[in-house]
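**Q** My questions will all concern the structure given below.
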Amino acid sequence: MTTGIRDTYLEAAEQAVELLALGEVADRWAHESVLPEMPVGALAGHLARSVLQVEWFLDGRVTGAEPVSAVHYYARLTGTDQHGSALNTGVRARSAETAAEGPAVVAEQARAAWRRLTRRLAEEPPGRRVAVLHRPGEEMLLDGYLATRCVELAVHLEDLALSVGIPGAAPEAALTVAVDVLVAAARERHGDQAVLHALARRERDGGQALRVL
0 MTTGIRDTYL EAAEQAVELL ALGEVADRWA HESVLPEMPV GALAGHLARS VLQVEWFLDG
60 RVTGAEPVSA VHYYARLTGT DQHGSALNTG VRARSAETAA EGPAVVAEQA RAAWRRLTRR
120 LAEEPPGRRV AVLHRPGEEM LLDGYLATRC VELAVHLEDL ALSVGIPGAA PEAALTVAVD
180 VLVAAARERH GDQAVLHALA RRERDGGQAL RVL
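For the sequence shown, position 194 (counting from the first letter as 1) is numbered 193 according to numbering that gives the first Met the number 0, and the numbering increases by one without interruption.
Now the structure itself:
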């Protein structure tokens, strides 16, 4: 499990690093992306943070709080479908802050972090915890956090590729992790009956039970 999720994450992160370095991304940095009010640069910054933040969280101070699971990390989110929610406003602000460094710097920072992580993740113990820095006092197991980064990489690799007019999708292993986590989050948030309707009886899916993000 440990080796599997870490390898899966690193494979997807490598693909993100390669995408961030493409000239098409730099050329369209200030243009609109496929996401409302999020320029290509900000979307690239958001994608890069799924590499950069792993190091930041590893270096954060942990206190031994009960770790949050990858499933609950998403299941408890609110305002995901509201453009002006605190959640989405915060995501856009953090992404723009990263993007302000410019395409070359963001691409290089992400690549350097990925290189360090290829060594570091192999050395971290199975029970390693990380601090969730944007939620003070909250912690996750490293492997659980990497599962959430597979979700983010799977979603936003495609977003960024579409935004610059090139084909792009995350590796199959990362896509599998992303689907597993998000479906489990939908089950926790809405219950199995609602998820069953979303999967098999769309006419009864009044709450869009499979929509997590």
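Think of the CB as a built atom: it goes at the ideal place given N, C-alpha and C, for glycine as much as any other residue.
Check whether the Cβ atoms of A197 and A208 sit closer than 7 Å, and answer yes or no.
**A** It is a contact, given that the beta carbons lie within the stated cut-off.
**Q** Spatial neighbours of E137 within its chain, please: CB distance less than 8 Å, with the 5 preceding and 5 following residues excluded, ordered by chain position.
**A** Correct list, in chain order: A64, V67, A130, V131.
**Q** Pull up the distance between the alpha-carbon of H189 and that of A103, whole angstroms please.
**A** H189 and A103: Cα-Cα distance of roughly 42 Å.
**Q** Any idea what DSSP makes of R128, helix, strand or coil?
**A** In this structure, R128 counts as strand in the three-state DSSP scheme.
**Q** Going straight from the alpha carbon of I165 to that of R118, what length do you get?
**A** So the alpha carbons of these two residues sit roughly 31 Å apart.
**Q** Judging by CA-CA distance, which residue of V61, R93, R128 is the nearest neighbour of H45?
**A** Minimum Cα distance to H45 is reached at R93.
**Q** Just the Cα atoms here: how many angstroms apart are Y72 and L86?
**A** The alpha-carbon atoms of Y72 and L86 are separated by roughly 13 Å.
**Q** My parser needs the alpha helix (DSSP H) runs of 4 or more residues fully inside the stretch 29 to 66; what are they?
**A** Runs found: 39 to 57.
**Q** What does the alpha-carbon distance come out to for the pair M0 and E13?
**A** Caution applies to M0, whose pLDDT of 37 falls short of 50 and renders its modelled position unreliable; the model cannot decide the point.
**Q** Looking only at its own chain, which residues have a Cβ that is under 6 Å from the Cβ of L51, when we skip the five neighbours before and after it?
**A** Closer than 6 Å at Cβ, skipping near neighbours: A112.
**Q** Note the first and the last residue of the continuous beta strand (DSSP E) segment covering L140.
**A** 138 to 140 is the span of the beta strand (DSSP E), which, as asked, contains L140.
**Q** Answer yes or no: do L105 and C149 have a C-beta to C-beta separation smaller than 7 Å?
**A** Reading off the sequence, residue 105 comes out as Val, not Leu. Result no, Cβ atoms of V105 and C149 do not sit closer than 7 Å.
**Q** Cα separation between R48 and A169?
**A** Approximately 16 Å, taken between the alpha carbons.
**Q** Taking a contact to mean a Cβ-Cβ separation below 7 Å, would you say A98 touches G40 in this structure?
**A** In contact: A98 and G40 (Cβ atoms closer than 7 Å).
**Q** Would you please state the rounded distance, in angstroms, between the beta carbons of R128 and V180? I believe it to be under 8 Å.
**A** Actually they are not in contact, since the Cβ atoms of R128 and V180 sit about 19 Å apart, beyond 8 Å.
**Q** Could you check the C-alpha separation between G206 and D80 for me, to the nearest Å?
**A** In a straight line, the C-alpha of G206 is about 12 Å away from that of D80.
**Q** What's the gap between the Cα of W55 and the Cα of E202?
**A** So the alpha carbons of these two residues sit roughly 44 Å apart.
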